[in-house]
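S.K.:
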Amino acid sequence: MKAIRVHAFGGPEVLRLEEVPEPKPAAGQVVVRIGAAGVNPVDSYIRTGTYARKPALPYTPGTDGAGTVAAVGPEVTRFAVGDRVYLTGSLSGTYAEQSLCEAQTLVPLPANVTFAQGAAIHVPYGTAYQSLYRHARVRAGETVLVHGASGGVGIAAVQIARAAGLRVIGTAGSERGRKLVAAEGAHEVVDHTAPDHFEKVLALTGGRGCDVILEMLANVNLARDLTILATRGRVVVVGSRGPVEILPREAMMRDAAILGMTLWNATPGDLVTIHAALVAGLENRTLRPVVGQDIPLAQAPRAHAAVMEPGAYGKIVLIP
Ligand code: NAP
Numbered sequence: 007m008k009a010i011r012v013h014a015f016g017g018p019e020v021l022r023l024e025e026v027p028e029p030k031p032a033a034g035q036v037v038v039r040i041g042a043a044g045v046n047p048v049d050s051y052i053r054t055g056t057y058a059r060k061p062a063l064p065y066t067p068g069t070d071g072a073g074t075v076a077a078v079g080p081e082v083t084r085f086a087v088g089d090r091v092y093l094t095g096s097l098s099g100t101y102a103e104q105s106l107c108e109a110q111t112l113v114p115l116p117a118n119v120t121f122a123q124g125a126a127i128h129v130p131y132g133t134a135y136q137s138l139y140r141h142a143r144v145r146a147g148e149t150v151l152v153h154g155a156s157g158g159v160g161i162a163a164v165q166i167a168r169a170a171g172l173r174v175i176g177t178a179g180s181e182r183g184r185k186l187v188a189a190e191g192a193h194e195v196v197d198h199t200a201p202d203h204f205e206k207v208l209a210l211t212g213g214r215g216c217d218v219i220l221e222m223l224a225n226v227n228l229a230r231d232l233t234i235l236a237t238r239g240r241v242v243v244v245g246s247r248g249p250v251e252i253l254p255r256e257a258m259m260r261d262a263a264i265l266g267m268t269l270w271n272a273t274p275g276d277l278v279t280i281h282a283a284l285v286a287g288l289e290n291r292t293l294r295p296v297v298g299q300d301i302p303l304a305q306a307p308r309a310h311a312a313v314m315e316p317g318a319y320g321k322i323v324l325i326p
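The numbers in the numbering used here rise by one with no breaks, and the one at position 48 of the sequence shown is 54.
1. Does the beta-carbon of residue 97, which I'm using as the reference point, lie nearer than 6 Å to any heavy atom of the ligand NAP?
2. Beta-carbon separation of residue 166 and residue 151 under 7 Å?
3. Could you check if residue 212 belongs to the surroundings of the ligand NAP, using beta carbon to heavy atom distance under 6 Å?
4. Please name the residue in 94, 254, 221, 235 whose C-alpha comes closest to that of residue 212.
5. Going along the chain, which residues of its own chain have a beta-carbon closer than 6 Å to the beta-carbon of residue 69, five neighbours each way excluded?
6. Under three-state DSSP, which class holds residue 98?
7. Given a cut-off of 7 Å, decide if residue 196 and residue 206 are closer than it, judged by their beta-carbon atoms.
8. Between residue 33 and the rest of its own chain, which residues show a CB-CB distance below 7 Å, the 5 nearest in sequence each way excluded?
9. What residue range is occupied by the uninterrupted alpha helix (DSSP H) comprising residue 132?
10. Quick check on the DSSP output: the beta strand (DSSP E) that includes residue 77 runs from which residue to which?
11. Grab me the residues of residue 300's own chain with a C-beta within less than 6 Å of its C-beta, minus the 5 sequence neighbours each way, in chain order.
12. What runs of the beta strand (DSSP E), each 3 residues or longer, lie entirely inside the region 272 to 302?
13. So, for residue 288: in the same chain, excluding its five sequence neighbours on each side, which residues have a beta-carbon less than 6 Å away from its beta-carbon?
14. Under 6 Å: does the beta carbon of residue 317 sit that close to some heavy atom of the ligand NAP?
15. On the criterion of 16 or more Cβ atoms from any shown chain inside 10 Å, does residue 341 qualify as buried, or is it exposed?
16. Leaving aside the five residues before and after residue 247 along the sequence, list all residues of the same chain whose C-beta is less than 6 Å from its C-beta, in chain order.
17. Does the region 52 to 59 come into contact with the region 10 to 17, if we say contact requires no fewer than three beta-carbon pairs (one atom in each stretch) closer than 8 Å?
18. Report yes if the CB atom of residue 141 is closer than 7 Å to the CB atom of residue 267, and no otherwise.
19. Check whether the region 40 to 55 touches the region 90 to 109, counting contact only when three or more Cβ pairs, one atom from each stretch, lie closer than 8 Å.
20. Below 8 Å, can you find three or more Cβ-Cβ pairs linking the region 37 to 47 to the region 306 to 318?
21. Short of 7 Å in beta carbon distance, which residues of its chain neighbour residue 84, apart from the five on each side in sequence? Order them along the chain.
22. Which residues in the same chain have their Cβ closer than 6 Å to the Cβ of residue 281, if we skip the five residues on either side of it in sequence?
23. Does any heavy atom of the ligand NAP sit closer than 6 Å to the C-beta of residue 268?
24. Go to residue 185, then tell me how far its alpha helix (DSSP H) extends in each direction, as first and last residue.
25. Taking 7 Å as the limit between beta carbons, can you name the residues of its chain near residue 130, skipping five residues before and five after?
26. Can you tell me whether residue 56 sits near the ligand NAP, meaning its C-beta is under 6 Å from at least one heavy atom of the ligand?
27. Looking only at its chain, what residues have a beta carbon closer than 8 Å to the beta carbon of residue 28, apart from the 5 residues adjacent to it on each side?
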């Protein structure tokens, strides 16, 4: 079968399409024929070799994907060949025609969800759900700013927050992205490239501030996020690409909380809750993953370059 292999850490060019042996499932394992693989920013951080998680070389990237069960190992009772599934992890990587998985990391894919959408679920929607519910503990009626709403996590957060009865303010850097954020449910949309956008968000709350901010680029925004929080507001740091200086007094004055999060820390119990909720939302179409670009597997370097560029529009997926 064909798979993307990384033999040395580096730029997008180290992603090479190669012929590799088909995986064989051991006890408790399943082989999935990948219909689409999700491209997450973390895949590109890992590829550079500078991220906290450093796989042994060579490796196949990717944790997200969706497809059909191709083979099941002994002791697997929940899945049969031909079942449609999405992945919440992979033993062998998802940038491939087939992926070896632990059976417990697979979730049945609702019939109304395409493989490309299925590849957009786990990291983006799982992160958005965990940030809103476990970390920020949102309540209906609160106001949330999704700071960076046009990408994979942001669109998921807008849809989940809207369904949960929050007032949703989203941001995007491009006109196309802002239209998408509005179409997916944000009550108000602002441009995060405009220097006065913090003032605009504050004005949209009548000067009261946001109860919750989901922050996709904390190194750029965290200091000013603290100035547009309501009393007892919470900032969840979802993404950050460098250091930042803050004035702690801005947090003190508001009894505010800065909450770091990573989906890797979700417990098995959290993941059961997350995916039960996500499947319910997918089935009733409250949650509608937006696939902005589907790129052939062989062009994985192009996908990794694109995921780090501005102008996000939903999710980028690879098609084997
Ligand atoms: P993505 O699809 O590439 O989207 C990136 C988002 O960041 C876009 O909405 C982009 O908007 C926005 N952005 C760019 N400049 C911004 C600015 N100055 N202020 C606010 N937002 C800005 O990535 P993603 O999958 O949604 O992930 C978003 C971030 O969260 C990444 O840094 C990723 O590594 C991180 N993440 C963390 C976890 C975790 O477990 N903590 C999980 C998933 C993702 P425009 O392109 O419209 O400018």
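Where is the CB? At the ideal position from N, CA and C, for every residue including glycine. It should be emphasised that the depicted structure is a prediction, and the values quoted were computed from it without experimental measurement.
M.R.: Working from what's here:
1. Within the sequence shown, the letter at position 91 stands for residue 97. No.
2. Translated into the one-based positions of the sequence shown, residue 166 becomes position 160. Translated into the one-based positions of the sequence shown, residue 151 becomes position 145. It is not a contact, given that the beta carbons lie outside the stated cut-off.
3. Within the sequence shown, the letter at position 206 stands for residue 212. Residue 212: no, Cβ never under 6 Å from the ligand NAP.
4. Taking the first residue of the sequence shown as position 1, residue 212 is located at position 206. For residue 212, the closest of 94, 254, 221, 235 by C-alpha to C-alpha distance is 235.
5. As a working mapping, residue 69 is identified with position 63 in the sequence shown. Here the set comprises 95, 96.
6. Locating residue 98 in the sequence shown gives position 92, counting from the first residue. Correct three-state label for residue 98: coil.
7. For this step, residue 206 is matched to residue 200 along the sequence shown. For this step, residue 196 is matched to residue 190 along the sequence shown. A contact, by the Cβ cut-off of 7 Å.
8. In the sequence shown, the residue the question calls residue 33 occupies position 27. The residues 79, 80, 81, in chain order, have a CB closer than 7 Å to that of residue 33 in the same chain once the five nearest residues on each side in sequence are set aside.
9. On the sequence shown, residue 132 is found 126 positions in, with the first residue counted as 1. Run containing residue 132: 128 to 135, per the alpha helix (DSSP H) assignment.
10. Within the sequence shown, residue 77 is the residue found at index 71, counting from 1. Taken as a continuous stretch (DSSP letters only), the beta strand (DSSP E) holding residue 77 covers 70 to 78.
11. What you label residue 300 is simply residue 294 of the sequence shown in a count that begins at 1. Hits under 6 Å: 122, 323, 325.
12. Along the region 272 to 302, the beta strand (DSSP E) occurs as fully enclosed runs of 3 or more residues at 297 to 302, listed in sequence order.
13. Translated into positions along the sequence shown, residue 288 becomes position 282. Around residue 288: 116, 119.
14. The residue labelled residue 317 in the question sits at position 311 within the sequence shown. Correct: residue 317 has its Cβ closer than 6 Å to the ligand NAP.
15. Outside the displayed range of the chain (7 to 326) lies residue 341, so it cannot be described from this structure.
16. To locate residue 247, count along the sequence shown from 1; it is residue 241. Contacts found: 225.
17. They touch, by the three-pair rule.
18. The residue given as residue 141 occupies position 135 in the sequence shown. The residue given as residue 267 occupies position 261 in the sequence shown. It is a contact, given that the beta carbons lie within the stated cut-off.
19. Yes, the region 40 to 55 is in contact with the region 90 to 109.
20. The way I'd put it, the region 37 to 47 does touch the region 306 to 318; three or more beta-carbon pairs between them come closer than 8 Å.
21. As a first step, residue 84 is located in the sequence shown; it is residue number 78 there, counting from the start. Contacts found: 109.
22. Along the sequence shown, read from residue 1 onward, the residue named residue 281 stands at position 275. Closer than 6 Å at Cβ, skipping near neighbours: 113.
23. In the sequence shown, counting from the first residue as 1, residue 268 sits at position 262. Yes, the beta carbon of residue 268 sits closer than 6 Å to at least one heavy atom of the ligand NAP.
24. What you label residue 185 is simply residue 179 of the sequence shown in a count that begins at 1. That run of the alpha helix (DSSP H) goes 181 to 189.
25. Your numbering for residue 130 matches position 124 in the sequence shown. Counting only residues of its own chain and dropping the five nearest sequence neighbours on each side, residue 130 has a CB closer than 7 Å to the CB of 158, 159, 162, 321.
26. By one-based count along the sequence shown, residue 56 stands at place 50. No - the ligand NAP has no heavy atom lying nearer than 6 Å to the Cβ of residue 56.
27. Translated into positions along the sequence shown, residue 28 becomes position 22. 7, 37, 104.
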